[in-house]
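Protein sequence lines correspond, in order, to chains A and B.
With the UniProt record's numbering, the residue at position 716 of the first sequence is 716, and numbering never jumps.
With the UniProt record's numbering, the residue at position 891 of the second sequence is 891, and numbering never jumps.
Even glycine gets a Cβ: it sits at the ideal position worked out from N, Cα and C.
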Amino acid sequence: MATYLEFIQQNEERDGVRFSWNVWPSSRLEATRMVVPLACLLTPLKERPDLPPVQYEPVLCSRPTCKAVLNPLCQVDYRAKLWACNFCFQRNQFPPAYAGISEVNQPAELMPQFSTIEYVIQRGAPSPLIFLYVVDTCLEEDDLQALKESLQMSLSLLPPDALVGLITFGRMVQVHELSCEGISKSYVFRGTKDLTAKQIQDMLGLTKPAMPMQPVRPAQPQERPSVSSRFLQPIHKIDMNLTDLLGELQRDPWPVPQGKRPLRSTGVALSIAVGLLEGTFPNTGARIMLFTGGPPTQGPGMVVGDELKVPIRSWHDIEKDNARFMKKATKHYEMLANRTAANGHCIDIYACALDQTGLLEMKCCPNLTGGYMVMGDSFNTSLFKQTFQRIFSKDFNGNFRMAFGATLEVKTSRELKVAGAIGPCVSLNVKGPCVSENELGVGGTSQWKICGLDPTTTLGIYFEVVNQHNAPIPQGGRGAIQVVTHYQHSSTQRRIRVTTVARNWADVQSQLKHIEAAFDQEAAAVLMARLGVFRTESEEGPDVLRWLDRQLIRLCQKFGQYNKEDPMSFRLSDSFSLYPQFMFHLRRSPFLQVFNNSPDESSYYRHHFARQDLTQSLIMIQPILYSYSFHGPPEPVLLDSSSILADRILLMDTFFQIVIYLGETIAQWRKAGYQDMPEYENFKHLLQAPLDDAQEILQARFPMPRYIHTEHGGSQARFLLSKVNPSQTHNNLYAWGQVSNCQEFEEGPGYFFKMLLLN
Amino acid sequence: MNVNQSAPPLPPFGQPQPIYPGYHQSSYGGQPGSTAAPTPYGAYNGPVPGYQQTPPPGVSRAPASSGAPPASTAQGPCGQTAYGQFGQGDVQNGPSSGVQMQRLPGSQPFASAPLAPVVSQPAVLQPYGPPPTSAQVTAQLAGMQISGAVAPAPPASGLGYGPPTSLASASGSFPNSGLYGSYPQGQAPPLGQGHPGAQPPQRSVPPQASSFTPPASGGPRMPSMTGPLLPGQSFGGPPVSQPNHVSSPPPQALPPGTQMTGPPGPPPPMHSSQQPGYQLQQNGSFGPARGPQSNYGSPYPGAATFGSQPGPPQPLPPKRLDPDAIPSPIQVIEDDRNNRGSEPFVTGVRGQVPPLVTTNFLVKDQGNASPRYIRCTSYNIPCTSDMAKQAQVPLAAVIKPLARLPPEEASPYVVDHGESGPLRCNRCKAYMCPFMQFVEGGRRFQCCFCSCINDVPPQYFQHLDHTGKRVDAYDRPELSLGSYEFLATVDYCKNNKFPIPPAFIFMIDVSYNAVRSGLVRLLCEELKSLLDFLPREGGAEESAIRVGFVTYNKVLHFYNVKSSLAQPQMMVVSDVGDMFVPLLDGFLVNVIESRAVITSLLDQIPEMFADTRETETVFAPVIQAGMEALKAAECAGKLFLFHTSLPIAEAPGKLKNRDDRKLINTDKEKTLFQPQSGAYQTLAKECVAQGCCVDLFLFPNQYVDVATLSVVPQLTGGSVYKYACFQVENDQERFLSDLRRDVQKVVGFDAVMRVRTSTGIRAVDFFGAFYMSNTTDVELAGLDGDKTVTVEFKHDDRLNEENGALLQCALLYTSCAGQRRLRIHNLALNCCTQLADLYRNCETDTLINYMAKFAYRGVLSSPVKTVRDTLITQCAQILACYRKNCASPSSAGQLILPECMKLLPVYLNCVLKSEVLQPGAEVTTDDRAYVRQLVTSMDVAETNVFFYPRLLPLTKSPIENTTEPPAVRASEERLSNGDIYLLENGLNLFLWVGASVQQGVVQSLFGVSSFSQITSGLSVLPVLDNLLSKKVRGLIDSLRAQRSRYMKLIVVKQEDKLEMLFKHFLVEDKSLSGGASYVDFLCHMHKEIRQLLS
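Here you go:
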């Protein structure tokens, strides 16, 4: 077992891949009986400090339908200078540059440790990064001020040759021209009118007149930048201008009558931002960063009317089909998201408001383009400020941790087909021999586009074993998967990262043990969770839960050992032991439960769940709880109400929140001020320990979690109480009145399993 | 006589022909006919003959040209005296009486009193054409200038006073029946001048007259006329005919010579001349005249035929109608000036005809609105619609509610009735005015418009004195004055809220053309200083008006010039298809507060667009934007648009070039005046609703479709200025002066004008720059002191003489300080049961104003030819009605014009010849639309000079003479090549330099040594330190000061190519585009009248 754990970990570190099964069932039939599909969590740009990119281009298989990249798994005939594609078995000649290869002089891509390798493409002019700020001006004065400061600060973090642009909106939408001296210029659009990309470009003067005055002017490349330069300028040129411009930004001047919401034209503003980039820099890495402090209240994409007495839609309204703007707005943003994705740009949403801001409708913008979604209470909080700052963090090479316009292509050996992907991507609709007819997630294609990604962006990729039962795979045969990711590195280079992995086939009849042992329950839990969350988009909540339950039951039936009619006899092997617990917490998680969450919150949580890597995802599914006491070093404890003790300090990390909870006694001590007494310095240290640990988590986490410091009886303690498993009823706890609508919840995992098994 | 010539024309006329033949012969002979007339006169006035004797002067006349002058002088005295007397009396009365008299006893009447009253005018007339007018007519008739021979004669008279000359001769006669006699003389003179020999024929003319008469008037006369007069003096004869004219004073002068002497009656004629005036008796002449007139179609050939007929007797034909013998506008203007310029015009009496617009006079408001505010076509209205229909004289008032007054006259008092608001009649809502009758001891008042009895509110109560007048009548403007203002209460405001002070928005075209021509730079520079002179109210220290700025090409740029900004902000709106205002706060600002930002903006605009290559512009969205901005600011205001080109960019209101000269003279010509699309009307409607007035400054290099672009300015009470091919060097001064004046002038906003009338007549039609959403309220988004509304009235019931007819024009408007006010003008008119009273109280200038506007509107819906024909017909009907009902019986061959309307033919001819109704080859479609639009809101003074330009000789009078030189008639014949003339028509200003002007003059005026060195087309006179230069420049400046638009000077040298342009304005001549000469037209008119009478 240990070996499998190591193997899994090693693979993750090297290739950024976690498979649900590390030994693959060899036929379609058997694979389906395994319940958990063959799938992997892939982090395409996993940070690999030890992986220097090679400065040449990959060698491709010459079969037009294959085009797999030469990799360590290929058979190479060094004398004939031939290599055989391990996917289609095509024999290929090495290119002339490889004339000198031999067993002892191998190119990197043939070495086993380079199962993941990165190529830098030298062709083409490097295109600068583009940041387009889309700023809501219908904010409170404080918020606007804070936002302005954050934006100004961000200018200093951008690479000097990056292009920046600014669009502000309120009742109207203003596209600011940045290169003007003496007079600040902006193009203004009505916030109520949807415009086509062509109209927007016409109105911004971005289109070339049909008949230019000098018909023969080959200087096409020169002209293009000059056209767009009015709105998108290199930061080093207009740093001062833009800083001043941001400094002078005023709140939307149009009066807001009593009892009304300010008119906010988010839909049009986004549409213009998309149109602007579409016309000027298609297929160049660009980030549209939307900062909004409230819901869109007019024009296309409006989420709520401007009457304050009509509240924004809740889940209840949505269930009752009472959200009159939702469908239309969603459609608008979907259309925008798809266009943006097609252009290779991404959209971030930074929504800071106490009420909802329409993330439900707008979620597709970041979800489909790989942008970020950040939700906070105010722009004037460290949550926003630090999160925003972290976007511009740099890696050990001094490069931004962001990449753009990636295309991810999956190739499989013949026994496999790819069924789909779940993550911040859109389908490129490329049909090929390795595309399955069954779809899991976004399927029907072997290529996806991820317009914005960072080193932690993780996709779930689902496969289907297509090998027929009666066509056994020869002993020692391995299935291979190659993932080719083209992307624009933040240094503006185009790069290609190729990951090639292979796993053994095993016959279920004879080698079930192997397969069981190679089960990666963590990956499986996350992959199943992603499927479940993906289903919430199209199915009712209870249906999704039922589906999850059924899957769990089937899995237990398949791999559990028990005696009939005797629930107590149920046993699962170690490699499955944690899986049911994950499912239990998943069922209660905000990703599947909407109770007590607004539609915006649900969208927010689901957004992050669909893009974080395995570790973070697991934290989201089952929060981590550490206990600090005088009895020893901090220890992880069960996420259970029984872990709440008077003389302990608890640190809970739910990914979105970090809660430090002081037990009753500890709180009293602290109140009494013991920590300030020299003789109780150890108490001071105890108090400090969770703070330090939390700080560590905060440092690394994106987005910045909500940081809560509370104590026994504190109102904020609810964040903890709502997460722990209520193994002790509320009678013996104090009043936590959050009565769940699902009885199982209160009964704990033990009872939960029994119920499941009895079904 | 020309008759012969005329003969040809006859054909066209048809019927007349047969007659003519006879006429010709006789007439020609007769023309001398005047002689013919004489006979009749003779009959009437015993004296006549005697006069004729005087005519011997006539002989002198024969020499006419030379002899004439003195004669005139002679006449002067006579006439003057006579006039003087008349002057005292009512001018009008005189004439009318004269007319009547004529009818009855014929000669006697003339002699009798009536004449006397008339006299006053005559005095004036004498000098020049007094007789000319009437006399002229006759003369014309007699001698068609057509005949070459004749031509010379005219020149003689040509001095302008030619006619006078004849008069002069007549002068002797004047004293008596001068007028009448004179006429004949007039005729005679021409003849004589032409050729003595011819004269005889003239005599024969009389016969003509007779012959004419048959057709025209009574046969009897004919005989009589022919008989005596002819024999007398060929000329003398004519005079006789004049007697007929008697009614027409003008003739006086001419005839004076002969006839005057003869009949004592003449004096009366004088009167007649003034009012009923002229009777042009031209028998033959008319006929011929027509021939010649291109308009009329038949060319001389026809005339020839005539000639043939009359031929023998009419050796005269060679002669032509003497231009000096026909009514002269100059004469009339001068007379009025001399007679009425000295004393203030007191408005206390109902139905008084005010002095002419060309006369400087003061007005004292004693209960009726000053003629500066309202002028009527007639101050005596027929009591019944039947009469009105018969007379065909349009009843119209030309109202200029916010007219500027000379400094000596006080602007209307503002009355504040407190919260209750102005006192009004409960039924018809008329405002309290001096005509309201207080009854029951002052507790009630009877409305003078609808007769409703209303209670007097307690706070307004006042006792009555023994005459039934309130004792406080003279303390209250609304009870004692014709014009005053009320402060409006909140009930009179839009949305029941007191208005916010208005705003000005400057919207500047910054496309390639505008930038290249230097316009943008010039304008921005000018605005910097101009903004200090926004209109202020009363003694306010600073203007309440806020300003905003927009520039545009095919997109719009709004500017935020909020005072707190360090630099202006530009906001571009490209969505021209769906215009909106991108900002609220900071767009409209107080000039003083935002001075620094505005200056910075105006400095930067020219720089920003210096390199623009954008040539396309939009137009409707610009107006839309301005209107939306005002709407957002909830105020009224004015947009100043500076625009260069046809708006072809893709946007609402996009236009295409549809200029097509081929349409001229087709049924589709009207489309050139119609807007291309209805979008602009819709837009204008929205503007009016918002109180958004649009002033448009156009700087086109080519066709811009003024007809369409001016729709909004037109309907919102704005102005259009057009500077074709604008170049800073040449047009800067004109543009800047216009701009300054336009920005500074006081404007009323968001105005509604309502004209109420007493029972019996009703305002039915309105002309001007405004919008009407119903049939009674004239809505004006903006109204300034130059804008005029012409209102036509129709009967809907009987009027009675006792009560007269009342007009009340109420204008509700927002002042430029944002105060809501009501301005009230009241005017009482007389009513008459006798047509003669109507004809005696008419004002030709106003009539022309109405007719021009009527015609200019007509071209929108009818072919231009139809419009012209309508005008001619109406004019003929008016004159025929007079002839039939008011003039004394006379030969049908005589043209008899009412004194008040003796200039009607010449002015009408000018209207017919204007660009709009008869375009020349060089007149663009835009020019026509522009002029059409301009005339629509012109007042009487403007139309007067516009249609009949002023031609001032500069070197005739001594240099030391500082007064404005007397004008001469607008005809090439009046120009002498040794002199320099100024010509102005309110829009253009020419300095014409004769080829043989003295070198010294050239030197002192132009600073060059010879004529050939003068730059043709020069637009500025060098500033030279000598008397002549100073005087001329001073004169030019004073002319400009009199006009609402800056007139650019163009120096034209004789025989230069620019002269063609100049000649276009010599409206008495035949125009290149086919317009008839005065003489020809008069003949044509005469013929029309005769047709109507027969």
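Does the pairing of the segment 520-527 of chain A with the segment 57-75 of chain A give three or more beta-carbon distances under 8 Å? no
Coarse secondary structure for Phe657 of chain A, derived from DSSP in three states: Position 657 of the first sequence, counted from the first residue, corresponds to residue 657 of chain A. Reading the sequence as shown, one finds Gln at residue 657 of chain A and not Phe. Strand, per DSSP.
List the residues of chain A whose Cβ lies closer than 7 Å to the Cβ of Val573 of chain B, in chain order. Walking along the second sequence from the start, residue 573 of chain B turns up at place 573. In chain order: Val188.
Nearest-angstrom Cα distance between Asp317 of chain A and Gly376 of chain A? Locating residue 317 of chain A in the first sequence gives position 317, where the first residue counts as 1. Locating residue 376 of chain A in the first sequence gives position 376, where the first residue counts as 1. For Asp317 of chain A and Gly376 of chain A, the distance between alpha carbons rounds to 23 Å.
Quick one: Cα of Arg762 of chain B to Cα of Arg661 of chain B, how far? Locating residue 762 of chain B in the second sequence gives position 762, where the first residue counts as 1. Locating residue 661 of chain B in the second sequence gives position 661, where the first residue counts as 1. Each residue's Cα considered, the two are about 41 Å apart.
Euclidean distance between Cα positions of Gly358 of chain A and Met289 of chain A: In the first sequence, counting from the first residue as 1, residue 358 of chain A sits at position 358. In the first sequence, counting from the first residue as 1, residue 289 of chain A sits at position 289. If I take the Cα positions, the gap works out to 16 Å.
Using a 10 Å radius around the Cβ and a threshold of 16 neighbouring Cβ atoms, would you call Ile515 of chain A buried or exposed? Your numbering for residue 515 of chain A matches position 515 in the first sequence. The residue in question, Ile515 of chain A, is buried, as its Cβ has 16 or more Cβ neighbours within 10 Å.
Report the CB separation of Pro422 of chain B from Leu822 of chain B in whole angstroms; it is logged as a contact under 8 Å. For the purposes of this step, residue 422 of chain B is identified with residue 422 of the second sequence, where counting begins at 1. For the purposes of this step, residue 822 of chain B is identified with residue 822 of the second sequence, where counting begins at 1. Going by Cβ atoms, the distance from Pro422 of chain B to Leu822 of chain B rounds to 6 Å, so yes, they are a contact pair.
Using the C-alpha atoms, what's the distance from Leu847 of chain B back to Tyr460 of chain B? Taking the first residue of the second sequence as position 1, residue 460 of chain B is located at position 460. Taking the first residue of the second sequence as position 1, residue 847 of chain B is located at position 847. Roughly 41 Å between the two C-alpha positions.
For Cys365 of chain A, the three-state DSSP class (helix, strand or coil): Looking up residue 365 of chain A in the first sequence gives position 365. Cys365 of chain A: helix per DSSP, three-state reduction.
How would you call Ala717 of chain A, buried or exposed, if buried means at least 16 neighbouring beta carbons within 10 angstroms? The sequence position of residue 717 of chain A within the first sequence is 717, counting from 1. Per the 10 Å Cβ criterion, buried.
Assigned exposure category for Phe584 of chain A - 16 Cβ within 10 Å defines buried: As a first step, residue 584 of chain A must be located in the first sequence, where it is residue number 584. Phe584 of chain A comes out buried.
Three-state class that DSSP yields for Phe281 of chain A in the structure shown: Taking the first sequence and counting its residues from 1, the one referred to as residue 281 of chain A is at position 281. Of the three classes helix, strand and coil, the one that applies to Phe281 of chain A here is coil, per DSSP.
If we cut at 8 Å on Cβ distances, does Asp611 of chain B have a partner in chain A? The sequence position of residue 611 of chain B within the second sequence is 611, counting from 1. So no, Asp611 of chain B is outside the interface.
Should Leu829 of chain B and Gly804 of chain B be called a contact, given that it needs their Cβ atoms to be closer than 8 Å? Within the second sequence, the letter at position 829 stands for residue 829 of chain B. Within the second sequence, the letter at position 804 stands for residue 804 of chain B. Contact flag set, yes.
CA-CA distance, Gln352 of chain B and Glu343 of chain B? Within the second sequence, the letter at position 352 stands for residue 352 of chain B. Within the second sequence, the letter at position 343 stands for residue 343 of chain B. Going by the C-alpha atoms only, they are around 14 Å apart.
Sort out for me which residues DSSP pairs Asp194 of chain A with in a bridge. Looking up residue 194 of chain A in the first sequence gives position 194. In DSSP, Asp194 of chain A forms no bridge with anything.
Please identify the residue among B:Arg613, B:Leu736, B:Gln714 and B:Ser891 whose C-alpha is closest to the C-alpha of Pro675 of chain B. As a position in the second sequence, residue 675 of chain B is number 675, starting the count at 1. Among B:Arg613, B:Leu736, B:Gln714 and B:Ser891, the Cα nearest to that of Pro675 of chain B is on B:Gln714.
Proximity winner among B:Val789, B:Thr347 and B:Pro406, relative to Val935 of chain B (alpha-carbon distances): As a working mapping, residue 935 of chain B is identified with position 935 in the second sequence. When only C-alpha atoms are compared, the closest one is B:Val789.
Could you check whether Leu655 of chain B and Leu646 of chain B sit closer than 8 Å to each other, using their CB atoms as the reference points? Looking up residue 646 of chain B in the second sequence gives position 646. Looking up residue 655 of chain B in the second sequence gives position 655. Yes. Within cutoff.
Name the DSSP bridge partner or partners of Gln561 of chain A? The residue you call residue 561 of chain A lines up with position 561 of the first sequence. DSSP output for Gln561 of chain A lists A:Arg571 as bridge partner(s).
For Asp603 of chain B, the three-state DSSP class (helix, strand or coil): Residue 603 of chain B sits at position 603 when you count from the first residue of the second sequence. Reduced to three states, the DSSP call for Asp603 of chain B is helix.
Cβ-Cβ distance between Pro457 of chain B and Gly637 of chain B below 8 Å: If you number the second sequence from 1, residue 457 of chain B lands on position 457. If you number the second sequence from 1, residue 637 of chain B lands on position 637. No, the pair does not count as a contact, with Cβ atoms beyond the cut-off.
Return yes when the C-beta of Ala125 of chain A is under 7 Å from any heavy atom of the ligand GDP, and no when it is not. Of ligands this structure carries none, so the ligand GDP is not represented either.
Per-residue DSSP class, three states only, for Met851 of chain B: Locating residue 851 of chain B in the second sequence gives position 851, where the first residue counts as 1. In the structure shown, Met851 of chain B sits in a helix (DSSP, three-state: H, G or I).
Give the residues of chain B in contact with Met172 of chain A, contact being defined as C-beta atoms less than 7 Å apart. Taking the first sequence and counting its residues from 1, the one referred to as residue 172 of chain A is at position 172. What Met172 of chain A touches in chain B: Pro582.
Is the separation between the beta-carbon of Lys956 of chain B and that of Pro965 of chain B shorter than 8 Å? Counting from 1 along the second sequence, the entry for residue 956 of chain B is found at position 956. Counting from 1 along the second sequence, the entry for residue 965 of chain B is found at position 965. Yes, these two residues count as a Cβ contact at 8 Å.
Between which two residues does the alpha helix (DSSP H) containing Leu109 of chain A stretch? As a first step, residue 109 of chain A is located in the first sequence; it is residue number 109 there, counting from the start. As written in the sequence, residue 109 of chain A is Glu, which differs from the Leu given in the question. Per DSSP, Glu109 of chain A belongs to no alpha helix (DSSP H) and is neither H nor E.
Residue burial classification, Pro268 of chain B (beta-carbon count within 10 angstroms, cutoff 16): On the second sequence, position 268 is the one that residue 268 of chain B refers to. Annotation note: pLDDT 37 at Pro268 of chain B (below 50); position unreliable, no value reported.
Between the alpha carbons of Ile598 of chain B and Glu607 of chain B, how many angstroms are there, rounded? To locate residue 598 of chain B, count along the second sequence from 1; it is residue 598. To locate residue 607 of chain B, count along the second sequence from 1; it is residue 607. Each residue's alpha carbon lies about 15 Å from the other.
Beta-carbon separation of Ile391 of chain A and Pro366 of chain A under 8 Å? Residue 391 of chain A sits at position 391 when you count from the first residue of the first sequence. Residue 366 of chain A sits at position 366 when you count from the first residue of the first sequence. Against a cut-off of 8 Å, the Cβ pair of Pro366 of chain A and Ile391 of chain A comes out as no contact.
Start-to-end residues for the alpha helix (DSSP H) that takes in Glu319 of chain A: By one-based count along the first sequence, residue 319 of chain A stands at place 319. Where Glu319 of chain A is concerned, the enclosing alpha helix (DSSP H) stretches over Trp315 to Glu319.
Have a look at Gln122 of chain A and Arg18 of chain A and give me their C-alpha separation to the nearest angstrom. Within the first sequence, numbered from 1, the residue matching residue 122 of chain A stands at position 122. Within the first sequence, numbered from 1, the residue matching residue 18 of chain A stands at position 18. Looking at the two C-alpha atoms, the distance is approximately 31 Å.
Count the C-beta pairs between the segment 610-622 of chain B and the segment 586-593 of chain B that are closer than 8 Å, then say yes if the count reaches three, no if not. no
Please work out which residues of its chain come closer than 6 Å, Cβ to Cβ, to Ser1077 of chain B, disregarding the five sequence neighbours upstream and downstream, and give them in chain order. As a working note, residue 1077 of chain B is residue 1077 in the second sequence. Around Ser1077 of chain B: Asp1069 and Lys1070.
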